[in-house]
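In the UniProt record's numbering, the protein residues as written are 1 to 235.
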């Protein structure tokens with residue numbers, strides 16, 4: 001849904017996975033580490049070759065990936081000690097481009113507006129094994145995403161934009177993944193936990209604690225029939 005193409009996903013440096021809602025640093029690093037392993041890449045190639053994995057829904061990256069996506073944000077997402085969004089913006093204003101950042105020295109980071117300790121931390125981070133290459137690869141992947149993703153102005157707001165939905169229990173006529181995909185296509189964010197911010201819960205049979213929590217918080221609860229009727233009306 002977000003990146004649109006396995007070929008892009010399998011070569012993404014880990015900071016870019018954090019562009020997806022609910023993916024934090026730990027999960028992003030795990031995904032990046034998985035795809036960095038040559039054995040895993042070979043396994044994907046083998047599955048594609050024998051037809052065990054079929055790529056049937058290749059599409060452009062989501063326009064929502066454009067929001068705030070620039071080199072400054074890549075530096076922030078890379079979790080470099082002391083690098084805040086404001087400091088990253090100052091750095092990129094003085095050193096526009098990942099290669100320029102890699103080629104710079106401590107004094108140039110200070111001149112760009114970084115505190116001395118942050119400048120030294122950045123220099124040390126860039127000197128660490130693999131960090132420079134990762135930043136260059138992340139910038140290249142970012143440019144590919146920005147080139148392929150439609151403009152934000154082209155997004156047509158869905159009827160569930162801004163709403164958070166939770167699925168619980170067993171659905172008779174839809175798989176959980178299918179329901180999630182169709183809700184997301186209408187603009188919803190599908191979450192795994194219920195809170196006061198949840199817009200509504202879809203409860204199938206054998207719904208458990210999530211249903212109980214929704215009822216205790218006064219969150220609206222839909223059954224599967226209501227969900228199917230809503231999907232039929234709005235898709």
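Backbone N, C-alpha and C define an ideal beta-carbon position, used for all residues, glycine too.
For residue 86, name the three-state secondary structure that DSSP assigns. Within the chain shown, numbered from 1, the residue matching residue 86 stands at position 86. Reduced to three states, the DSSP call for residue 86 is helix.
Quick one: residues in its chain with C-beta nearer than 6 Å to the C-beta of residue 217, no 5 flanking neighbours on either side, listed in chain order? Looking up residue 217 in the chain shown gives position 217. The residues are 196.
Contact between the region 142-152 and the region 116-131 (3+ Cβ pairs under 8 Å): no
With respect to the beta strand (DSSP E) encompassing residue 200, which residues constitute its N-terminal and C-terminal limits? Indexing the chain shown from 1 puts residue 200 at position 200. Segment 200-203, the beta strand (DSSP E) holding residue 200.
Under three-state DSSP, which class holds residue 76? Along the chain shown, one-based indexing puts residue 76 at 76. In this structure, residue 76 counts as helix in the three-state DSSP scheme.
Could you name each continuous alpha helix (DSSP H) segment of 4 residues or more that falls completely within the region 4-68, going from the start of the chain to the end? 6-9, 25-36 and 38-50
Going along the chain, which residues of its own chain have a beta-carbon closer than 6 Å to the beta-carbon of residue 137, five neighbours each way excluded? Counting from 1 along the chain shown, the entry for residue 137 is found at position 137. Cβ neighbours of residue 137 beyond the five flanking positions: 13.
Is the distance from the Cβ of residue 71 to the Cβ of residue 32 below 9 Å? Position 71 of the chain shown holds residue 71. Position 32 of the chain shown holds residue 32. No, the pair does not count as a contact, with Cβ atoms beyond the cut-off.
Starting from residue 222, follow its DSSP beta bridges and name the residues at the other end. Against the chain shown, residue 222 aligns to sequence position 222. BP columns for residue 222 point to 202.
If distances are taken between C-alpha atoms only, which option among 120, 115, 62 and 100 comes closest to residue 106? To locate residue 106, count along the chain shown from 1; it is residue 106. For the residues 120, 115, 62 and 100, the minimum Cα distance to residue 106 belongs to 120.
Exposed unless 16 or more other CB atoms sit within 10 angstroms - verdict on residue 193: Within the chain shown, the letter at position 193 stands for residue 193. It counts as exposed.
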